[in-house]
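Notes for the one structure printed next.
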Amino acid sequence: MTLTEAAGTRTGLPAHVPVAVVGGGQAGLSISWHLVQRGVEHVVLERETVAHEWVDARWDTFCLVTPNWQCQLPGWPYAGDDPDGFMLREEIVDYVRSYAASFDPPVHEGVAVTRLAPAAGGGYTLATSAGELHADQVVLAVGGYHLPVVPPYASALPDGITQLHSQAYRNPGQLPDGEVLVVGTGQSGAQIAEDLHLAGRRVHLAVGSAPRIARRYRGRDVVAWLHDMGHYDLPVEQHRDGEAARVGTNHYVTGRDGGRDIDLRTFAAEGMRLYGTLTGLAGTTLTFAPNLTEHLDRADAVDDSAKDVIDRHVDAAGIDAPTEPRYVPVWAPHEDPTALDVAEISSVVWAIGFRADWSWVDVPVFDGAGYPTHVRGVTAAPGLFVLGLPWLHTWGSGRFAGIARDAEFVAERITELTAAGTRTGLGSAPDTAAAASASRTA
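Numbering (the numbering used here), first residue to last: 616 to 1057.
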């Protein structure tokens, strides 16, 4: 049953609403919860159904890579009996749907927004699959992962090779018999490669530049150490990479079977074939950059650096934590392979990410790279906000861990602008300097 069906009385869209939230995922639901608490009239427009991404775009063995205790949706913190465990896909779906049912947000499911543009008299016009809607303020809570990335040369692969993006991968049985090439070692690529490897499939893995991190160190989950040290609360402006952190690749690790490291070197020792970055297709030969050794060593160095930080924290705080030997590589390539004949594989899983698609937003708030410019979700356009983006404000922003704080901040700005609008009429630009000041003190 969908949320709309459960509500029973949800009718068509109004012609006007004070606030329209585009997107009914955890970000859209979180801002809705805060608006409900403040008595702000709004609608949430969801193209599919609530939690559909967790249902339709995750593989069967998918689970969280951060502990359950980090699931802190506003008004709905994790309350299960396994706070240090990692929810499976079905449990995540239940968590999100139960959250929505707990406060009955005004979600309109099956409503796609096809264009957003400023309205002549102020506010915004939203063209939707259910008709046109005017809103004084709009929150874009659609995340930043919209269109699957597949390289142009994928179309030149032989027709007999099955190709899937990681978004469409479900399980090893979905692929034909034969060897599989997995391209990419972000969280999805590394975990899908492991899924295939554990199922006994022969896997070829194109290793990218993603870092890795240990699951546990010195008696605790590494996430717990990072949390205690404030890493998930670090504003992007204070990150050593600045705003470039927003496009960085997350560390690969897994919560599968109670949580463990993902060690590509161990996979290789067990028979998985590793390569560097996939660079193209020359005739019937897939070509790779000679950077496998570099990528493996760099991933190990990031893990080692994180352990250094934890060690310093333990020593400085006088924490009684068990010591633990450092990781010792169990395998290293004799040389960096640079070629693979396509005759050796029957399928390819592309796990090289997504690109954003904001083409439907006809508002000048984007930088030269197409990223929405904002200060903690507040754009320079009057009454237009973004929410749920990776590193919107902190490392936790795009996760269950930090969305509540971001949603509260945006809800406060909406409430302030709503109050100002009742006195002076909406249409004046928001004070992004004030937003920056509020961001520093919140």
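Where a beta carbon is used, it is the ideal one built from N, C-alpha and C, also for glycine. From a predicted model like this one, the values you see are computed outputs, not experimental measurements.
Residue range of the unbroken beta strand (DSSP E) whose run includes residue i
i                  : result
valine 822         : Premise fails: valine 822 is in no beta strand (DSSP E) and is neither H nor E.
aspartate 935      : Careful: aspartate 935 lies outside any beta strand (DSSP E) and carries neither H nor E.
tryptophan 965     : 962-965
arginine 730       : 728-733
glutamate 747      : 746-755
aspartate 956      : 954-956
proline 633        : 631-637
phenylalanine 1000 : 999-1001
glutamine 853      : Per DSSP, glutamine 853 belongs to no beta strand (DSSP E) and is neither H nor E.
Inter-residue spacing [alpha-carbon to alpha-carbon] between residue i and residue j
i              : j                  : result
alanine 630    : phenylalanine 1000 : 21 Å
glutamine 778  : glycine 758        : 25 Å
proline 948    : alanine 808        : 18 Å
glycine 639    : glutamate 747      : 19 Å
glycine 815    : tyrosine 847       : 37 Å
leucine 762    : threonine 729      : 15 Å
aspartate 923  : leucine 741        : 50 Å
aspartate 856  : leucine 1007       : 14 Å
serine 744     : alanine 727        : 5 Å
glutamate 661  : aspartate 878      : 38 Å
glutamine 853  : glycine 1017       : 17 Å
glycine 933    : glycine 873        : 29 Å
valine 711     : aspartate 915      : 35 Å
alanine 860    : methionine 844     : 18 Å
valine 670     : tryptophan 691     : 20 Å
asparagine 865 : aspartate 926      : 22 Å
alanine 921    : histidine 928      : 11 Å
glycine 627    : proline 721        : 11 Å
arginine 704   : aspartate 930      : 38 Å
proline 1045   : methionine 702     : Annotation note: pLDDT 44 at proline 1045 (below 50); position unreliable, no value reported.
alanine 884    : glutamate 706      : 33 Å
Cutoff 8 Å; reference residue i; Cβ partners in own chain excluding five residues on either side
i             : result
alanine 1022  : Ala642, Ser645, Ile646, Trp648, His649, Pro689, Leu1002
valine 957    : Leu772, Pro773, Ile776, Leu896, Thr899, Thr900, Leu901
valine 838    : Thr681, Pro682, Gln685
threonine 624 : Annotation note: pLDDT 39 at threonine 624 (below 50); position unreliable, coordinate value reported separately. Nothing meets the Cβ criterion.
alanine 734   : Thr740, His749
alanine 954   : Thr900, Leu901, Thr902, Phe903
Chain-order list of residues whose beta-carbon lies under 7 Å from that of residue i (same chain, five-residue window excluded)
i                 : result
glycine 695       : Asn683
leucine 1072      : For residue 1072 there is no data in the structure shown, the boundaries of the chain being 616 and 1057.
alanine 1048      : Because the pLDDT at alanine 1048 is just 48, under 50, the model does not fix this residue reliably, and the point stays unresolved.
arginine 875      : Arg830, Thr869
alanine 1113      : No statement about residue 1113 is possible, as the shown extent of the chain runs from 616 to 1057 and does not include it.
arginine 1038     : Low per-residue confidence applies at arginine 1038: pLDDT is 41, beneath 50, and the placement is therefore not dependable, though the value from the model is reported in the following sentence. Hits under 7 Å: none found.
phenylalanine 969 : Tyr760, His761, Leu762, Pro763, Val764
threonine 994     : Val980, Pro987, Thr988, Phe1000, Val1001
proline 1005      : Gly759, Arg861, Ser1012, Gly1013
Other residues of its chain near residue i: CB distance less than 6 Å, five sequence neighbours each side excluded
i             : result
valine 976    : Leu731
arginine 941  : none
leucine 796   : His819, Ile960, Val963
cysteine 676  : Correcting the residue type first, residue 676 is threonine in the shown sequence and not cysteine. These residues qualify, in order along the chain: Asp810.
glycine 793   : Ser961
glutamate 656 : Pro633
serine 803    : Ser781, Ala966
tyrosine 784  : Trp674, Ile807, Val964
proline 952   : Tyr890
valine 753    : Ala635, Tyr739, Leu999
valine 708    : Ala666, Trp669, Val670
N- and C-terminal bounds of the alpha helix (DSSP H) containing residue i
i              : result
aspartate 810  : 802-813
leucine 679    : Run containing leucine 679: none; DSSP gives neither H nor E here.
valine 708     : 704-718
arginine 653   : 641-653
tryptophan 946 : Run containing tryptophan 946: none; DSSP gives neither H nor E here.
tryptophan 973 : Tryptophan 973 -> no alpha helix (DSSP H), and no H or E assigned at all.
arginine 662   : Here arginine 662 belongs to no alpha helix (DSSP H), and DSSP marks it neither H nor E.
arginine 880   : 879-884
leucine 841    : 837-843
Residue i, buried or exposed, once every other Cβ within 10 Å from all chains shown has been counted against 16
i              : result
glycine 985    : exposed
glutamine 652  : exposed
arginine 1028  : buried
asparagine 906 : buried
threonine 938  : exposed
valine 945     : exposed
proline 787    : buried
alanine 1034   : exposed
glycine 1036   : buried
glycine 972    : The question names glycine, yet the displayed sequence has aspartate at residue 972. That one is exposed.
Rounded Cβ spacing between residue i and residue j (contact assumed at less than 8 Å)
i             : j                  : result
alanine 966   : leucine 893        : That pair is no contact at about 11 Å.
arginine 827  : aspartate 918      : 5 Å
histidine 723 : valine 659         : 7 Å
glycine 992   : phenylalanine 1024 : 7 Å
glycine 834   : threonine 800      : Wrong, their Cβ atoms sit about 28 Å apart, outside the cutoff.
leucine 911   : arginine 880       : 7 Å
alanine 805   : tyrosine 867       : 4 Å
Short CB-CB distance (under 7 Å) between residue i and chain D
i          : result
lysine 922 : Looking at the structure shown, chain D is missing, and only one protein chain is on hand.
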